[in-house]
Amino acid sequence: MTYLQVVQDAMASIGWYSKGRQLDGHDKAYALRAIQRLLGLWSDKGWLTVAPIWRNFQLTANQNNFTVGESGSPDSSDPRPTKILEAFIRNSDNDNHLSIIDSAKWAREFSKTAVSRPTELYYDPTIPNGTIYFNSKVASSSDYLHYLAEEPYTEPTKLSEDITASPAVRHALFCRLRLDFAPKKDVPIDPVWATDWLDAQNTIKTRAGANRTTTTVSDLAAGRGKRDILTDYR
641 MTYLQVVQDA MASIGWYSKG RQLDGHDKAY ALRAIQRLLG LWSDKGWLTV APIWRNFQLT
701 ANQNNFTVGE SGSPDSSDPR PTKILEAFIR NSDNDNHLSI IDSAKWAREF SKTAVSRPTE
761 LYYDPTIPNG TIYFNSKVAS SSDYLHYLAE EPYTEPTKLS EDITASPAVR HALFCRLRLD
821 FAPKKDVPID PVWATDWLDA QNTIKTRAGA NRTTTTVSDL AAGRGKRDIL TDYR
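Using my numbering, you'd call the opening residue of the sequence shown number 641 and step up by one each time.
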């Protein structure tokens, strides 16, 4: 799903397309700025979770560490992972599982220079490029590393981009954009939309492990934090 599709769904939900209207360039620019603002805010608050993505690259024989990132000349120019969740090495049609180990276990590894197919992977998320370490040197340049990565949030630059965030974040964007667009298009805000947004906001907080008390409609209606229920509850 793209950002544009979420915007179109939000506009359809407030009845904007009921008379055959379409988004113009101004609407699209406004929507992109709103999305950038929202995702930037959620990222700063630690609410943003990016859906894990599978990546792969070809390995080099007689090498046991590989850099991943977009700076300089890394072994793989894919985005730098913040964490590697799963991994395997593929040779032809054979997949060989890799155990993901932490820095303490990596430090205890006695020999890391033997030439064989690796069985363990340690990932150090250094900046600007992360480094993948194996417990042995790669034996064959026909091997490919496949890994499931969590990657940092990157701000979209156009609405046609695919959304890499989790489904919960996609839904929260839909709920929030619906509220943003309604007054702009002189559409009365349905209180149910506010409730939907608060539920979506609390979900992304919980999914991200944010240590915050959830927000309720009654909290906002009571004026806690001097917020207005329909205009300021981000």
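Even glycine gets a Cβ: it sits at the ideal position worked out from N, Cα and C.
Report the rounded CA-to-CA distance for residue i versus residue j, giving the unit in angstroms.
i      : j      : result
Leu678 : Pro758 : 42 angstroms
Ile740 : Gly712 : 26 angstroms
Glu726 : Gln648 : 35 angstroms
Thr804 : Leu813 : 13 angstroms
Gln645 : Ala747 : 47 angstroms
Ile844 : Tyr773 : 33 angstroms
Asp742 : Arg661 : 55 angstroms
Glu749 : Ser806 : 36 angstroms
Lys668 : Leu681 : 20 angstroms
Val690 : Leu788 : 12 angstroms
Tyr763 : Phe697 : 15 angstroms
Thr771 : Gly709 : 9 angstroms
Lys752 : Asp684 : 38 angstroms
Val827 : Ile654 : 7 angstroms
Glu795 : Ala671 : 13 angstroms
Asp735 : His786 : 9 angstroms
Per DSSP, residue i forms a beta bridge with which residues?
i      : result
Tyr787 : Arg695, Ala727
Asp802 : Thr642
Ile741 : Tyr762
Phe706 : Ile772
Ser716 : Val708
Lys777 : Val755
For residue i, name the three-state secondary structure that DSSP assigns.
i      : result
Ala674 : helix
Asp820 : helix
Gly655 : coil
Lys825 : coil
Asp735 : strand
Val647 : helix
Lys668 : helix
Val690 : strand
Val755 : strand
Pro807 : helix
Leu679 : helix
Thr854 : Residue placement at Thr854 is poorly supported in this model, since its pLDDT is 44, which falls under 50; the coordinates are not used for a value here.
Grab the span of the alpha helix (DSSP H) containing residue i for me, first residue to last.
i      : result
Ile844 : 831-847
Specify, as a first and last residue, the run of the beta strand (DSSP E) that residue i falls within.
i      : result
Phe774 : 770-774
Compute the distance between the beta-carbons of residue i and residue j, then report whether it is under 8 angstroms.
i      : j      : result
Tyr784 : Ile829 : no
Asn704 : Val778 : yes
Arg816 : Trp837 : yes
Arg620 : Pro768 : Because the chain is modelled from 641 through 874, residue 620 falls outside the range shown and cannot be assessed.
Pro765 : Lys723 : yes
Ser800 : Thr700 : no
Ala822 : Arg847 : no
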